[in-house]
C-alpha cells in the first residue's frame, strides 16, 4: 500500500531538524575545543614552553678553578691538575643501584664506593651530580663514554684536582684541601652553593684554609639538554665562573727546601725573617708529611703512622709549638732591667754557681760558677745567676711587659692554623689561673725563660728581628694577591733607647764571636757574614738534689723524650742586620751544639743566595761541612727530588 505524501513530508522535516540539532551541537563543541586550543597554544604558549624547557633542561654549577699559590719567585707551590671522573644524577638514572652495578663492570667500584654514592644520592636533590669516582685513567674514561647509552644519568666529566708539587716542603704552611664536611657548614647562615656539591674541596689547614675567601673563586653554570633517560644530549649555554685569586707567598721555595733538608729527621722548627719588612723567608716544621695524601683521601694505615709518630709530623711547630725559651729569653730580661734602671752596662754580679733564696738553691748551668759577671759577659757565657739577681729588682710584670714589646706573648696574625699566643706570666695571671700568689721563685725561673714562660719559634724570630732593628717588625706571609702587592706598613720604633739595644747586641755578638761565647763553635769565618745570636737550653724534666750531688745525667744518656730542648736565635750580618732566624730542636740537648749550627747554615744559605760556601766556615770545619752539604737531599732546578741514594 502506498504511503501518503503528507506522511513522507513530515518524516523528512523530522530528519532535518535532528540533523540541524546535531550539527549545532558539533559546531558548539568544535568552537569550545578551538577556543581551548587557542588558549593553550597561544595565550598559554610561553608558560607551557617554560615547563617543557624545565623538563628537558638541567642547570649545573661549574666549580671555579682554585687560585694558585706560588713562592716569592713565582715557583708553583699549590696548583691544579686535570682530573677525569664520573658522576651520576638520580633524576636521570632512575634505579641508581642498577646503574652503579652496570658501571662496576667498566671501572673498579668497591662496595664502599657504591654505598657512599647511594648515601650521597639520598642526601641531595635529584638533579645534583654525585661523584662516583675520580682520578680515572684515560682508558676507563673512554670505556664509560662509549657505553654512555646504557648508563642513564651517568656523565663522564673532566675537572681539576689540587696538587702540591713540592709536597713535604710546604705542608705546614700551605696546608691542604679536602671535601666539605658538616663541621665546615656549621654556623654558616647562607653557605655558598658550591659547598653543597658532594666532594667539593675547600682548604682545611694553613693558607689553603685561612685564605679560602680569595682562593675559591665563584661558580659558573651551564644548561644542558637531556633525553628521557637522562643522557646529556648537548650543552645549551655556559656561563664561566670567576677563578680564585693567585697568592704569592714571601717564602723562598729553595731556601725552604734547604731548611727542611737541614733539619733532617729531627723534631724541630726553623723560621727565617727579613728584619726590615717582616717577610718570612722560610718556615719549616720537621718532620713533615705529604699533603697530597689528604687531597686524595688518606688511608687509615697512613694516617695512623702519622699520628703514632712521637715526632708529631702533623703539628706545625713553627706557630703551634709553645716551648720554654730558655736562655734566649735573657735578651728580654736584660732589656727590662736596663729600662727599669736596675742595671747598666757596667753592673756586675758574682756567680758562685747558684743563688740561695728561701731555703732553695737556683743553680747556674755552670756548676763552678762564672765569678764576677757584667751584662756583656752574662749574655756571651749565659750566666744564669746574673739574671736571677737582676730579675728580683725588676719584677715579673715589667719583664713580661718588655716581652710583649719584643713580640712574645701574642698571637701574630698570619694565615696559618692554631697559632699559639705563648705565655708571658704576670702576678694577676697566676692568681686568675691557679688562685695562687706570685712568688719570687717564679720570677727567678722566668728570668731565664723557664717556669711559666712559653714562646713559639715564630715569636722568637720576631723577638730577634726587633732586637736587631729596635723596631716593631711584624711577620708577613702573603706577598701579593693576583699580582697586587700587599701593603707593608713601616715598623714603628719600639721606644727602647739605642744604648740599651747596643748593649744587648754586643752581648749577642760575643755569644758567637768571642772565644768564651757559648756558641763560638758555630761562628762564621767570613767577616761580612758574621752572625750575632743567643743560645738556649730548656729543661723538660726536674733535676733532683740527689742527682746534682752525684752528677747530672747527660742528655745523651737519657731517653729522647727526657732530653732538653735546644734553641738558638740569631741575626746576620751582625754589623748590618738583614735576616733573623730562630731554631728549636725538640729534645736536642744543648742549644749551642744542636740548634746553632743549623741556624748558621740556614743564614749562610740566605745570604749567599746559593748553597753555603765552605770557605765561610772555620777552616777546621770545612771538610765536614762539604760532606754535610753533599749529603743533603735537595730539589733539582725543576723542583723535583733526586732519586734515593743506594746504600
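Residue numbers (this note's numbering): 1 to 647.
A virtual CB, placed ideally from N, CA and C, is assigned to each residue, including glycine.
Under the criterion of beta carbons closer than 8 Å, residue 423 and residue 379 do not qualify as touching, at roughly 23 Å. Just so you know, the alpha carbons of residue 33 and residue 127 end up roughly 37 Å apart. The continuous beta strand (DSSP E) containing residue 356 extends over residues 354-357. Uninterrupted alpha helix (DSSP H) stretches at least 4 residues long and entirely within the region 553-610 occur at 596-608, given in chain order. Distance check between residue 297 and each of 628, 163, 24, 73 places 163 closest, using alpha-carbon atoms only. In terms of Cβ geometry, residue 289 and residue 263 do not form a close pair [threshold 7 Å]. Under the three-state reduction of DSSP output, residue 101 falls in the helix class.
Contiguous beta strand (DSSP E) elements confined to the region 298-364 occur at 348-351, 354-357, 360-363, taking only those with 3 or more residues. Counting along the chain, residue 388 sits inside the alpha helix (DSSP H) bounded by residues 384-394. In the DSSP annotation of this structure, the continuous segment of the beta strand (DSSP E) that includes residue 272 starts and ends at 268-274. Inclusion of residue 522 and residue 566 in the CB contact set at 7 Å is not warranted, their separation being larger than that value. Less than 7 Å divides the Cβ of residue 509 from the Cβ of residue 574.
Residue pairing for residue 84: DSSP places it in a beta bridge opposite 158. As summarised for the region 387-457, there are no continuous beta strand (DSSP E) elements at least 3 residues long confined to that stretch. Across the structure, residue 431 and residue 459 are spaced so that their CA atoms are roughly 25 Å apart.
Comparing C-alpha distances from residue 473 to each of 461, 479, 481 shows the shortest one belongs to 461.
Residue 129 and residue 155 do touch by the CB rule: their CB atoms are close to 7 Å apart, below 8 Å. The Cβ neighbour count for residue 358, taken over all protein chains shown within 10 Å, is under 16; the residue is labelled exposed. Each of 318, 334, 377, 350 was checked against the Cα of residue 403, and the nearest Cα belongs to 334.
Comparing C-alpha distances from residue 255 to each of 291, 169, 315 shows the shortest one belongs to 169. In this structure, the straight-line span from the alpha carbon of residue 160 to that of residue 578 is close to 41 Å. Straight through space, the alpha carbons of residue 252 and residue 284 are spaced by roughly 12 Å. Burial state of residue 317 is buried, judged by a 10 Å Cβ sphere holding 16 or more other Cβ atoms. The continuous stretches of alpha helix (DSSP H) do not include residue 373, which lies in the beta strand (DSSP E) extending over residues 371-374. In the DSSP assignment, residue 536 forms a beta bridge with 567. Burial check for residue 82: the Cβ neighbour count within 10 Å stays below 16, so the residue is exposed.
Residue 283: member of the beta strand (DSSP E) spanning 280-286, first to last residue. Looking at the backbone, the Cα of residue 116 and that of residue 122 are separated by about 10 Å.
Listed as beta-bridge partners of residue 239 by DSSP are 221. A distance below 6 Å between beta-carbons, with the five flanking residues on each side excluded, links residue 183 to no residue of its chain. Ranked by Cα distance from residue 210, the first of 144, 328, 478, 428 is 478.
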